[in-house]
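*Asks:* Chains as they are written, first to last, in the UniProt record's numbering: chain B, 1 to 784; chain R, 1 to 404; chain H, 1 to 288.
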Amino acid sequence: MSAEGVGARLPRKEDDRLMRGRGQYVGDIRLPGMQDVAFVRSPLAHARIRAIHVPEAYRDRVFTAAGLDGVLPIRAVSGLPGFKVSEQPVLATGKVRQVGELVAMCLAPTRAEAEDIAASVVLDLEELPAIHDMLAAREPGSALVHEHWGDNVFLETLVDVDIAAAFDAPIQVSRTISTGRQCMAPIEGRGTVVQLDHRLDQLVVHTATQMPHIVRNGLSECLGLEQGRIRIVSPDVGGGFGYKAILLAEDVALCWLALRCGHPVRWLEDRREHLTANANCREHHYRITAYAERDGTLRGIDCEATVDSGAYSAYPFSACLEAAQVASILPGPYDFPSYRCRTWSVATNKCPILPYRGVARTGVCFALELVLDAVAREAGLPPEVVREKNLVRPEQMPFENITRKHFDSGDYPQALARALASIDVEAVRARQRAGEPDGRRIGLGLSIYCEQAAHGTSVYSGWGIPMVPGHEQVSARLTPDGGLELRVGAHSHGQGLETTLAQVAHEILGVPVARTRLVHGDTAMTPYSTGSWGSRVMVMAGGAVAAACEALRDRAVRIGAHLLQARPEECRFEGGHVVGPSGDVPLEAIARTWYRRPQDLAPDTDPGGLEVTAGYKPVRDSGTFSYAAHAAVVAVDPDLGAVEILDYVIVEDGGTLVNPLVVDGQIYGGLAQGVGTALFEEMRFDARGQPLASTFADYLLPGPAEVPMARIDHMETPSPYTRFGQKGIGEGGAIAPPAALANAINDALGALGVEMLHSPVTPRRIVEAVLAARTGPQQAREAA
Amino acid sequence: MSAALADPEAGRMALALTVNGRPLRVEAEPRSHLGDVLREGLNLTGTHLGCEHGVCGACTILLDGEPARACLTFAGACAGAAVTTVEGLDHDEVAAELRAAFNREHALQCGYCTPGMLVAARDLVLRLPEADERRIRVGLSGNLCRCTGYAGIVRAVTRVIADRRARGIAAQTGEGRALGPVGAGIGQGIGETIAEAVAAAPMSRPVPAVPVASADLDGTFAPAHRFTQGIELAHPPEAVFARFADIEAVAACLPGAVLAGRPAPDTVEGGLQVRIGPIAATFRGRARIARDEASLSGRVHGAGSDAGGRSATEGEIRYRVGPGAAPGTARVELDVGYTLTGPLAQFGRPGLVRDLAGRIAADFARNLDARLSGAAAPAPTGLNPLRLAFALVRARIAAWLGRA
Amino acid sequence: MKPAPFAWERPANLAALLERVATAPGSVKLIAGGQSLGPMLNLRLVEPDLVLDITGIPELRQARVEGETLVLGACVTHADIEDGRVPDLTGGALQRVASAIAYRPVRNRGTIGGSLVHADPAADWVNALTALGAAVEIAGRNGRRTLPLERFVTGALEVALEPGEILLAVRIPALPDGTAWGYVKHCAKIGEFAHAIGAVRIEPGAGRGRAVIGAVEGPPVLLADARPLFGGRIGADFAERFDPAAADAALRAAGMADAVERHVHVTVLARAVAQAARPNPLPLPEAA
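Set out below in structure tokens:
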């Protein structure tokens with residue numbers, strides 16, 4: 001391993017500009033003549049629009065659906081049988097189906113003035129019954145979000161693998177478990193600046209997105225423009241987490257407006273818009289039963305899972321990805337013989353749901369790991385024993401599980417064992433027995449998951465959604481002075497690709513990381529890619545960078561051999577030099593020759609030169625399986641419900657680590673979001689579908705004092721299917737913490753008769769459950 | 001001062017600021033906060049906006065050398081101040097040490113929170129006596145990061161503090177600062193002429209001349225919030241119930257309510273103005289009244305919305321008059337339910353509104369008692385008849401960190 | 001999220017301010033540090049025609065001791081108190097409250113007077129100063145008056161300022177030697193609004209005490225005579241005599257119907273009592 005290649009713990013090269021305020025985010029873009037947009041949004045969750053009254057003075061600055069000629073609604077259709085299609089109008093027509101839905105677009109020189117105009121527009125709405133509860137929405141007779149459907153279900157799915165065989169198990173534990181609705185809350189909101197390039201007759205769309213090429217697909221479809229007339233530029237992006245992997249109606253509206261006005265237009269999402277109007281995540285409901293032997297061996301899992309998908313199917317992932325994925329991934333890292341899971345993706349009058357870091361896995365892990373702890377209590381076994389009994393074993397690898405997921409590699413029991421050793425179970429149990437002087441109660445919680453990542457064509461073609469990843473492509477170009485430019489269609493918004501992909505290139509070509517430049521986030525300059533999502537970039541773009549650099553290397557060797565007057569077979573490539581029998585020539589000299597002194601090239605030189613576009617897919621495209629065991633120790637104050645995280649251990653197997661510093665950063669960051677899911681973050685709605693938080697004073701994000709300094713331990717079992725053995729790890733940190741922390745809280749409070757089964761586990765919910773348990777254990781269970 | 005900075009554009013004010021060491025004359029609307037003044041006016045885009053309500057910390061800058069929220073500092077509040085943004089810390093010694101440590105410890109990912117985080121971290125480095133992890137975490141709590149889990153940030157700040165203290169550089173104590181908000185000059189007035197130029201603007205905003213529609217009152221109503229209140233009145237139940245038939249009289253007892261018309265025998269139009277602290281909610285709409293003579297009970301069901309149709313409310317008061325504790329007295333049981341939609345509803349602290357609703361109900365009881373006793377009708381206080389409103393407001397004014 | 005337009009004036013002296021407050025047409029809001037009003041303006045929950053910035057007025061930015069009373073001008077900031085730039089007659093009690101308000105950049109501009117006038121039930125000063133027995137000095141064009149804080153804060157976000165009046169200063173009595181003080185707030189996360197506050201000021205020698213249960217829906221629940229919380233008598237053993245049922249009854253009487261809320265508030269008050277009974281002053285609390 002070189003100091004800068006794959007495996008190097010290299011500080012990031014992108015940091016300096018970001019630390020000096022020289023990053024360029026979408027809100028930082030200044031274009032001559034640019035004007036600001038503010039939207040008039042629906043204040044009601046469900047209503048018929050009777051009229052939109054615009055003051056005479058603002059007639060030419062306010063735009064409604066009536067003027068939006070030629071713009072089609074956003075359609076994210078899944079090909080799964082029975083999927084019902086929603087059409088999300090760019091500006092509302094006829095009806096509004098969620099608070100925050102766009103009704104009118106207001107244009108002014110500044111955002112403040114645009115908001116003045118928006119405030120002067122009067123809406124005449126006829127309120128309709130709001131559908132705010134996904135379980136009630138499934139019932140016959142419920143009001144309908146989309147009348148012509150006849151019900152409120154986007155999609156229902158069923159997987160049944162011999163569940164009846166488990167029905168005679170001696171231990172049967174049933175629970176109702178649910179996770180709160182969340183907002184993804186990157187610190188930078190969405191934003192779009194659109195400019196019409198009259199010379200190229202092209203819309204240049206600067207937008208904070210994780211997937212520029214997919215946004216271009218979607219805009220092209222909605223606007224009826226050929227793709228060549230649209231260029232997407234995603235500049236520095238202030239956090240994504242899935243929130244920026246969706247086509248917004250705002251994006252479409254701004255494009256239409258720029259075409260109409262001819263001058264640049266800008267919309268920057270503010271925090272209230274983010275929290276109340278645009279895309280939520282995570283709201284799952286499970287009725288789950290575990291069947292087991294008395295020794296903890298699982299016989300089967302039976303589950304009904306409902307996901308609140310919101311009013312519309314979000315582009316490109318669709319409204320059903322989350323719930324339907326639940327059915328395929330609920331078995332997690334465990335091996336058992338019987339399984340049934342029925343799922344519903346339900347439409348309600350809320351913002352659309354979209355995949356947030358961890359996607360369905362966080363909810364699935366929460367449901368399964370909590371029910372496993374319930375099995376352990378029922379069987380009188382320590383929680384670790386139930387897991388040891390059922391984890392997929394290393395000798396089973398590669399392993400195909402009950403839902404035909406193909407686990408590529410790993411040693412799951414070892415991850416658990418290392419986590420138990422690191423957290424020091426004996427010491428925790430001793431402290432627990434001894435009791436705390438301040439009356440708090442100690443609890444230990446475990447959670448294990450596996451994260452299928454970078455899965456490709458064979459998996460996504462089955463979903464039939466508007467986006468199916470194929471080969472990932474990268475263009476690599478040596479510059480005339482021997483530097484390297486990498487052009488990738490994926491996007492970096494915190495993941496550090498400017499450094500890590502340069503490390504991959506360095507591994508092949510030996511070009512210093514400082515001399516490799518990453519060009520990304522621009523459809524005009526990069527090969528097509530579905531973008532950055534699904535923990536796929538280091539596997540897919542990393543593999544493609546390697547492939548492109550290898551092709552460049554081979555061409556360089558042929559040029560170098562000619563310069564060394566040797567045959568290519570006699571030469572090798574080493575440390576950035578072509579080394580021949582009688583000497584060596586550096587890459588710089590080869591580049592100089594190709595570009596500046598072509599007269600020195602061999603007559604039969606490869607005319608492709610020193611620029612290569614290469615495509616890559618792993619040997620198997622069913623995905624890498626990274627996994628981790630999390631162990632948490634908490635102290636819970638039963639009277640106030642305060643939870644302090646005393647210790648947190650993560651044993652993670654991400655395969656080969658390209659940059660351990662960056663990998664640790666992903667895990668720490670995921671953990672913080674998991675802590676938010678576990679203890680703080682929830683977007684509640686009232687019975688009229690009103691969101692009950694519109695600021696960070698109501699929607700609580702964990703801060704530095706609430707997130708523990710986790711201890712991370714790496715296992716590095718290489719994936720047999722990827723270029724360097726790397727696995728996707730971007731989301732894992734956010735998957736396990738809600739389950740680990742809830743299990744720890746339940747361990748702490750179990751003796752009081754309390755079992756918390758809903759996230760977030762807030763102080764209020766804990767105190768409610770504790771007080772209910774004091775009046776009777778039966779009531780306690782219901783309260784929890 | 002305003003003489004030296006003469007003639008700002010209409011609706012704007014002129015300010016002298018020293019930004020990153022350069023004295024500047026800046027023009028801004030009075031409503032522009034410093035974040036927008038820096039970003040939109042001076043193209044200093046390193047100061048990021050993450051929430052614009054003071055919680056996330058991305059916009060933290062230095063005002064007269066001390067950290068402050070740019071998003072909560074309006075242009076006129078810092079006239080004459082020295083502003084330092086992240087762009088002005090290039091050659092700052094502490095910031096340089098922090099940048100090196102942030103890079104080494106991977107203390108940033110997307111970089112969006114980083115400028116504010118560096119400003120806050122710099123302040124901690126200067127003030128904290130020692131590198132205590134807990135105090136560093138608590139001290140950075142006003143800055144949210146969504147990427148790093150704070151691990152690298154805390155490590156970086158810890159190292160820089162430890163290094164500096166090891167080099168014998170002591171913590172600063174903040175002595176010698178003038179009392180009062182940082183950035184606010186003492187004894188410097190600005191503004192009368194500007195005020196006159198701007199004051200007209202809010203009044204001249206166009207409003208479409210359309211009637212505001214309100215919810216249909218035919219359906220059943222399931223309120224989001226409900227409370228009951230009992231009133232003891234020193235009058236016989238029948239007299240009290242008779243009074244409830246006089247809707248004008250009842251409305252006069254409800255603070256802030258004004259009747260505008262009676263389009264049908266059982267329907268009234270009008271409104272109610274409600275104030276919660278600085279927030280004034282004004283609703284117009286209609287109400288329908290039903291009475292049951294036999295049971296001495298009744299129901300008022302109303303709905304209304306504000307001028308833009310953005311916030312709307314629906315409310316219901318059910319009452320039942322019964323005998324009071326003493327002979328010849330009455331007890332009125334009020335069952336009040338209300339629902340609010342729109343921006344005023346979208347907060348998570350309903351208790352503030354329950355307090356208000358309780359106070360309105362208490363005032364109502366007092367006024368009703370006075371009226372039954374023959375006292376003069378209470379005057380609706382300070383109500384502009386054009387700004388009528390109806391019903392009870394449920395608002396949670398996330399009163400922000402509690403700290404004016 | 002930008003405010004509706006408003007005019008901005010910054011009077012240079014108190015007389016000019018009082019004149020303007022009394023005569024300005026339209027809706028007028030006073031602003032000090034702007035840490036509470038600022039968000040409301042940005043969210044357009046408040047749309048005044050004129051904002052009067054009171055931070056330029058020298059009288060409001062002074063602190064002085066009058067006998068056994070500390071007088072803090074309305075524009076003294078939380079950070080001024082935290083850093084010890086004002087005199088202290090409370091054995092560090094004020095400093096500890098100040099340093100745990102919100103976050104440092106907020107404390108650098110947020111003021112004690114602004115916080116009291118804003119009167120959020122969950123805010124620190126409203127509760128701590130009520131327990132300490134503070135009063136406010138109010139000024140109008142026609143003169144000045146003083147009100148005990150418990151009569152100043154009349155409801156959630158409601159205070160007893162008449163039109164044309166402003167809050168000039170806060171008068172905080174000393175905590176004499178031998179006075180026990182406890183202040184505890186309960187938040188889900190650092191810097192967040194309190195879910196419950198308990199504050200006690202107890203003079204075991206004199207057999208007197210005040211207690212406040214705060215962060216309730218309305219103004220703080222004040223027990224100006226806290227003896228019922230201690231079985232009717234306050235002595236050196238007050239901590240052992242604390243009676244949660246009496247506190248619970250007080251909250252019931254104050255209209256707090258929710259049993260979980262009452263339990264949390266009683267617990268927090270009990271912890272404030274326990275803190276007051278500790279012999280040594282605490283170190284500075286965790287402050288963001």
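The C-beta atom is built at its ideal place from N, Cα and C for all residues, glycine as well. Keep in mind it's a predicted model, so treat the numbers as computed, not measured.
Using DSSP bridges, identify the partner residues of residue 52 of chain B.
*Replies:* Position 52 of the first sequence, counted from the start, is the residue given in the question as residue 52 of chain B. Its beta-bridge partners are B:123.
*Asks:* Considering only residues of the same chain and omitting the five flanking positions on each side of residue 477 of chain B, which have a CB-CB separation below 6 Å?
*Replies:* Taking the first sequence and counting its residues from 1, the one referred to as residue 477 of chain B is at position 477. Correct list, in chain order: 485, 611.
*Asks:* Closest to residue 57 of chain H by C-alpha separation, out of R:268, R:188, R:40, R:346, would be which residue?
*Replies:* Walking along the third sequence from the start, residue 57 of chain H turns up at place 57. The residue with the shortest Cα to Cα distance from residue 57 of chain H is R:188.
*Asks:* To which residues of the same chain is residue 516 of chain B closer than 6 Å at the C-beta, ignoring the five residues directly before and after it?
*Replies:* Locating residue 516 of chain B in the first sequence gives position 516, where the first residue counts as 1. Excluding sequence neighbours, residue 516 of chain B sits near 484, 502, 505.
*Asks:* Counting contacts by CB-CB distance shorter than 8 Å, is residue 18 of chain R in contact with chain B?
*Replies:* Sequence index remark: in the second sequence, residue 18 of chain R carries index 18 (1-based). So, not an interface residue.
*Asks:* Put residue 63 of chain R into one of helix, strand or coil per three-state DSSP.
*Replies:* The count along the second sequence starts at 1 and reaches residue 63 of chain R at position 63. In the displayed model, residue 63 of chain R falls within a strand according to three-state DSSP.
*Asks:* Would you identify the three-state DSSP class for residue 253 of chain R, choosing helix, strand or coil?
*Replies:* For the purposes of this step, residue 253 of chain R is taken as the residue at position 253 of the second sequence. Look at residue 253 of chain R here: in three-state DSSP terms it is helix.
*Asks:* Express the C-alpha separation of residue 128 of chain R and residue 62 of chain R in angstroms, rounding to a whole number.
*Replies:* Position 62 of the second sequence, counting from 1, holds the residue named residue 62 of chain R. Position 128 of the second sequence, counting from 1, holds the residue named residue 128 of chain R. Going by the C-alpha atoms only, they are around 17 Å apart.
*Asks:* From the beta carbon of residue 200 of chain R, is the nearest beta carbon of chain B less than 8 Å away?
*Replies:* For the purposes of this step, residue 200 of chain R is taken as the residue at position 200 of the second sequence. Caution applies to residue 200 of chain R, whose pLDDT of 39 falls short of 50 and renders its modelled position unreliable; the value that the coordinates give is listed next. No, residue 200 of chain R does not count as interfacial toward chain B.
*Asks:* Where does residue 668 of chain B fall in DSSP's three states?
*Replies:* For the purposes of this step, residue 668 of chain B is identified with residue 668 of the first sequence, where counting begins at 1. Residue 668 of chain B falls in the helix class under three-state DSSP.
*Asks:* Going by CA-CA distance only, name the one from R:94, R:166, R:45 that's closest to residue 87 of chain R.
*Replies:* As a first step, residue 87 of chain R must be located in the second sequence, where it is residue number 87. For the residues R:94, R:166, R:45, the minimum Cα distance to residue 87 of chain R belongs to R:45.
*Asks:* Using a threshold of 8 Å, state whether the C-beta atoms of residue 327 of chain B and residue 175 of chain B are closer than that.
*Replies:* Locating residue 327 of chain B in the first sequence gives position 327, where the first residue counts as 1. Locating residue 175 of chain B in the first sequence gives position 175, where the first residue counts as 1. No, these two residues do not count as a Cβ contact at 8 Å.
*Asks:* Only counting the same chain, and skipping five residues up and downstream in sequence, which positions put a Cβ closer than 7 Å to that of residue 294 of chain B?
*Replies:* Here residue 294 of chain B is taken as the residue at index 294 of the first sequence, counted from 1. Excluding sequence positions up to five before and after residue 294 of chain B, its CB lies within less than 7 Å of the CB of 170, 171, 379, all in the same chain and listed in chain order.
*Asks:* For residue 405 of chain R and chain B, any beta-carbon pair shorter than 8 Å?
*Replies:* In the structure displayed, chain R extends from 1 to 404; residue 405 of chain R sits before or after that span and is not available.
*Asks:* Flag this pair as touching only if the region 354 to 366 of chain B and the region 384 to 396 of chain B have three or more C-beta atom pairs under 8 Å; answer yes or no.
*Replies:* no
*Asks:* Given a cut-off of 8 Å, decide if residue 679 of chain B and residue 762 of chain B are closer than it, judged by their beta-carbon atoms.
*Replies:* Working through the first sequence from its first residue, we reach residue 762 of chain B at position 762. Working through the first sequence from its first residue, we reach residue 679 of chain B at position 679. For residue 762 of chain B and residue 679 of chain B, yes; Cβs fall inside 8 Å.
*Asks:* Tell me whether residue 67 of chain B is buried or exposed, calling it buried when 16 or more other Cβ atoms sit within 10 Å of its Cβ.
*Replies:* Locating residue 67 of chain B in the first sequence gives position 67, where the first residue counts as 1. That one is exposed.
*Asks:* Hey, residue 102 of chain B and residue 112 of chain B: beta-carbon distance below 8 Å or not?
*Replies:* Residue mapping note: residue 102 of chain B aligns to position 102 of the first sequence, counting from 1. Residue mapping note: residue 112 of chain B aligns to position 112 of the first sequence, counting from 1. For residue 102 of chain B and residue 112 of chain B, no; Cβs fall outside 8 Å.
*Asks:* For residue 126 of chain R, would you say it is in contact with chain B, using Cβ-to-Cβ distances shorter than 8 Å as the test?
*Replies:* Position 126 of the second sequence, counted from the start, is the residue given in the question as residue 126 of chain R. No, residue 126 of chain R lies away from the interface with chain B (no Cβ there is under 8 Å from its Cβ).
*Asks:* Near residue 122 of chain B, which residues of its chain fall below 7 Å by C-beta distance, leaving aside the five closest residues on each side in sequence?
*Replies:* Numbered from 1 along the first sequence, position 122 holds the residue referred to as residue 122 of chain B. Once the five neighbours on either side are set aside, the close Cβ partners of residue 122 of chain B are 53.
*Asks:* If you compare alpha carbons, which of B:660, B:675, B:618 is closest to residue 644 of chain B?
*Replies:* In the first sequence, residue 644 of chain B corresponds to position 644, counting from 1. B:675 is the residue among B:660, B:675, B:618 whose C-alpha sits nearest the C-alpha of residue 644 of chain B.
*Asks:* Work out the CA separation of residue 119 of chain H and residue 282 of chain R for me, nearest whole Å.
*Replies:* In the second sequence, counting from the first residue as 1, residue 282 of chain R sits at position 282. In the third sequence, counting from the first residue as 1, residue 119 of chain H sits at position 119. So the two alpha carbons sit approximately 22 Å from each other.
*Asks:* Count the other CB atoms, across all protein chains shown, that sit within 10 Å of the CB of residue 396 of chain R; report buried if there are 16 or more and exposed otherwise.
*Replies:* Within the second sequence, residue 396 of chain R is the residue found at index 396, counting from 1. Here residue 396 of chain R scores only 27 on pLDDT, less than 50, and its place in the model is too uncertain to base an answer on.
*Asks:* Below 8 Å between beta carbons is the criterion; list the residues of the region 765 to 779 of chain B that meet it against any residue of chain H, in chain order.
*Replies:* 767, 768, 771
*Asks:* Does DSSP classify residue 354 of chain B as helix, strand or coil?
*Replies:* Against the first sequence, residue 354 of chain B aligns to sequence position 354. Residue 354 of chain B carries a coil assignment under DSSP once its states are collapsed to helix, strand and coil.
*Asks:* In terms of residue numbering, what span does the alpha helix (DSSP H) encompassing residue 81 of chain H cover?
*Replies:* Indexing the third sequence from 1 puts residue 81 of chain H at position 81. Per DSSP, residue 81 of chain H belongs to the alpha helix (DSSP H) from 78 to 82.
*Asks:* Here's a check: name, in chain order, each residue in its chain whose Cβ is nearer than 7 Å to the Cβ of residue 61 of chain B, leaving out the five neighbours to either side.
*Replies:* As a first step, residue 61 of chain B is located in the first sequence; it is residue number 61 there, counting from the start. Only 106, 107, 108, 117 meet the Cβ criterion.
*Asks:* Hey, out of H:259, H:234, H:220, H:9, whose CA is closest to residue 289 of chain H's CA?
*Replies:* The displayed coordinates of chain H run from 1 to 288. Any statement about residue 289 of chain H would go beyond what the structure contains.
*Asks:* In chain order, what residues of the same chain have a beta carbon less than 6 Å from the beta carbon of residue 82 of chain R, not counting five sequence neighbours either side?
*Replies:* The residue labelled residue 82 of chain R in the question sits at position 82 within the second sequence. Here the set comprises 18, 64.
*Asks:* So with Cβ pairs under 8 Å, would you call residue 141 of chain R a contact of chain B?
*Replies:* Start at 1 with the first residue of the second sequence, and residue 141 of chain R comes out as number 141. Chain B contact via Cβ: present.
*Asks:* Return no unless some Cβ of chain H is closer than 8 Å to the Cβ of residue 762 of chain B.
*Replies:* The residue given as residue 762 of chain B occupies position 762 in the first sequence. Output row for residue 762 of chain B: interface = yes.
*Asks:* Taking the alpha helix (DSSP H) that residue 509 of chain B falls in, what are its first and last residues?
*Replies:* On the first sequence, position 509 is the one that residue 509 of chain B refers to. Looking at the DSSP string, the run of the alpha helix (DSSP H) that includes residue 509 of chain B is 497 to 509.
*Asks:* Select from R:110, R:328, R:272 the residue whose C-alpha is nearest the C-alpha of residue 360 of chain R.
*Replies:* Reading the second sequence from its first residue, position 360 is the one you call residue 360 of chain R. Selection R:110, R:328, R:272 evaluated against residue 360 of chain R yields R:272 as nearest (Cα-Cα).
*Asks:* Give the C-beta separation of residue 816 of chain B and residue 457 of chain B to the nearest angstrom, bearing in mind that I take them to be a contact with Cβ-Cβ under 8 Å.
*Replies:* This structure leaves residue 816 of chain B out entirely; chain B is present only between 1 and 784.
*Asks:* To the nearest angstrom, report how far apart residue 324 of chain B and residue 307 of chain B are at their CA atoms.
*Replies:* As a position in the first sequence, residue 324 of chain B is number 324, starting the count at 1. As a position in the first sequence, residue 307 of chain B is number 307, starting the count at 1. Whole-angstrom Cα-Cα distance: 9 Å.
*Asks:* Just how far apart, CA to CA, sit residue 657 of chain B and residue 10 of chain B?
*Replies:* For the purposes of this step, residue 657 of chain B is identified with residue 657 of the first sequence, where counting begins at 1. For the purposes of this step, residue 10 of chain B is identified with residue 10 of the first sequence, where counting begins at 1. The straight-line gap separating the alpha-carbon atoms of residue 657 of chain B and residue 10 of chain B is approximately 12 Å.
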